[in-house]
Ligand SMILES: Nc1ncnc2c1ncn2[C@@H]1O[C@H](COP(=O)(O)OP(=O)(O)O)[C@@H](O)[C@H]1O
Ligand SMILES: [Mg+2]
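In the working numbering, the protein residues as written are 20 to 253.
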């Protein structure tokens, strides 16, 4: 589904990604872990076609990133740190706007259904600017999946969420997983990574330091492997 070869990204004389090789199969749920500044968000941005690679190859669903960025873009649902929502608009207005951009059929119907799914029907028409971080993230989740993407890119999606919002987010992730979606999730939350992901990729200093299948939702294995790679503890 995703084939990344020798991916490099340079910016301001700094090499952020130093030759990433990564192959992800359809339906995999991959947790991307690593210290701050490792290049995790940059990697997701390259896939979301928001950042241009300096060199290397990226192919998604058979499309080449350089030749077919438009085709690739609609395969992805991207949930970054920032919500990408318009402050002065309501959840309904925001979601209808994004639904139309993606050419979703029945934008209003889809928007209303998603607001209901994320538990905010009561606030359907209130401006987003008055919302808490958790409420905004719920609408941002709805925005990311409005066009039923086949790949989800999530950048620290659990940060700052209450238990209710975590439950909603995890239900969205698990139901997309059940429907065969491919999921890449950057996280510092080992508990969520172990619960949701089948495979873990550790990024350190612009490179992949480890890449393994996580069996039995085993958080102890995850902790040990992470400490070994990132903190140099063996
Ligand atoms: N547009 C940019 N220009 C220059 N440096 C950048 C840019 N984007 C990110 N960086 C730098 O690249 C490194 C990796 O950033 P990032 O991918 O956000 O890391 P992570 O998500 O793993 O914390 C950081 O040192 C960051 O300061
Ligand atoms: Mg980041």
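By construction, the Cβ of each residue, glycine as well, lies at the ideal position given by its N, Cα and C atoms.
Nothing here was measured: the structure is a model prediction, and the numbers come from that model.
Bridge partners for residue i per DSSP, in chain order?
i           : result
residue 226 : 223
residue 218 : 49, 232
residue 145 : Bridge partners of residue 145: none, in fact.
residue 30  : 33
residue 24  : 76
residue 42  : 22
residue 170 : 95, 201
residue 83  : 78
Using the Cβ count rule (16 or more neighbours within 10 Å means buried), how would you classify residue i?
i           : result
residue 30  : exposed
residue 177 : buried
residue 231 : exposed
residue 120 : exposed
residue 206 : buried
residue 113 : buried
residue 182 : exposed
residue 254 : Nothing about residue 254 can be read from this structure; the chain reaches only from 20 to 253.
residue 50  : buried
residue 53  : buried
residue 141 : exposed
residue 129 : buried
residue 186 : exposed
residue 225 : buried
For ligand 1, I want to know if residue i counts as a neighbour, meaning its beta carbon is within less than 8 Å of at least one of the ligand's heavy atoms.
i           : result
residue 114 : no
residue 33  : yes
residue 78  : no
residue 49  : no
residue 30  : yes
residue 70  : yes
residue 220 : no
Ligand 2 heavy atoms versus the CB of residue i: any closer than 8 Å?
i           : result
residue 90  : no
residue 74  : no
residue 230 : no
residue 175 : yes
residue 60  : yes
residue 205 : yes
residue 55  : yes
residue 166 : no
residue 100 : yes
### Message
So, does the stretch 28-48 touch the stretch 56-64, judging by three or more C-beta pairs under 8 Å?
### Response
With the rule of 3 Cβ pairs closer than 8 Å, the stretch 28-48 counts as touching the stretch 56-64.
### Touching by the beta-carbon criterion (3+ pairs, under 8 Å), the stretch 98-117 and the stretch 82-90
Taking one beta carbon from each stretch, the stretch 98-117 and the stretch 82-90 have fewer than 3 pairs nearer than 8 Å; the two do not touch.
### Task
Would you check if the stretch 191-211 and the stretch 155-174 touch, i.e. whether three or more CB-CB distances between them fall below 8 Å?
Taking a cut-off of 8 Å on C-beta distances, the stretch 155-174 touches the stretch 191-211, as three or more cross pairs fall below it.
### Query
Hey, is the stretch 21-28 in contact with the stretch 71-80, meaning 3+ C-beta pairs nearer than 8 Å?
Yes: the two stretches touch, three or more of their Cβ pairs being nearer than 8 Å.
### Message
Threshold first: 4 residues or longer. Then list the alpha helix (DSSP H) segments lying entirely within the stretch 110-158, N to C.
### Response
Qualifying alpha helix (DSSP H) stretches, in chain order: 110-120, 126-136.
#### Entry: Length-filtered (4 minimum) alpha helix (DSSP H) runs lying within the stretch 181-210
Within the stretch 181-210, the complete alpha helix (DSSP H) runs of at least 4 residues are 182-197.
### Message
Does the stretch 94-107 come into contact with the stretch 152-163, if we say contact requires no fewer than three beta-carbon pairs (one atom in each stretch) closer than 8 Å?
### Response
At 8 Å Cβ cutoff, the stretches touch.
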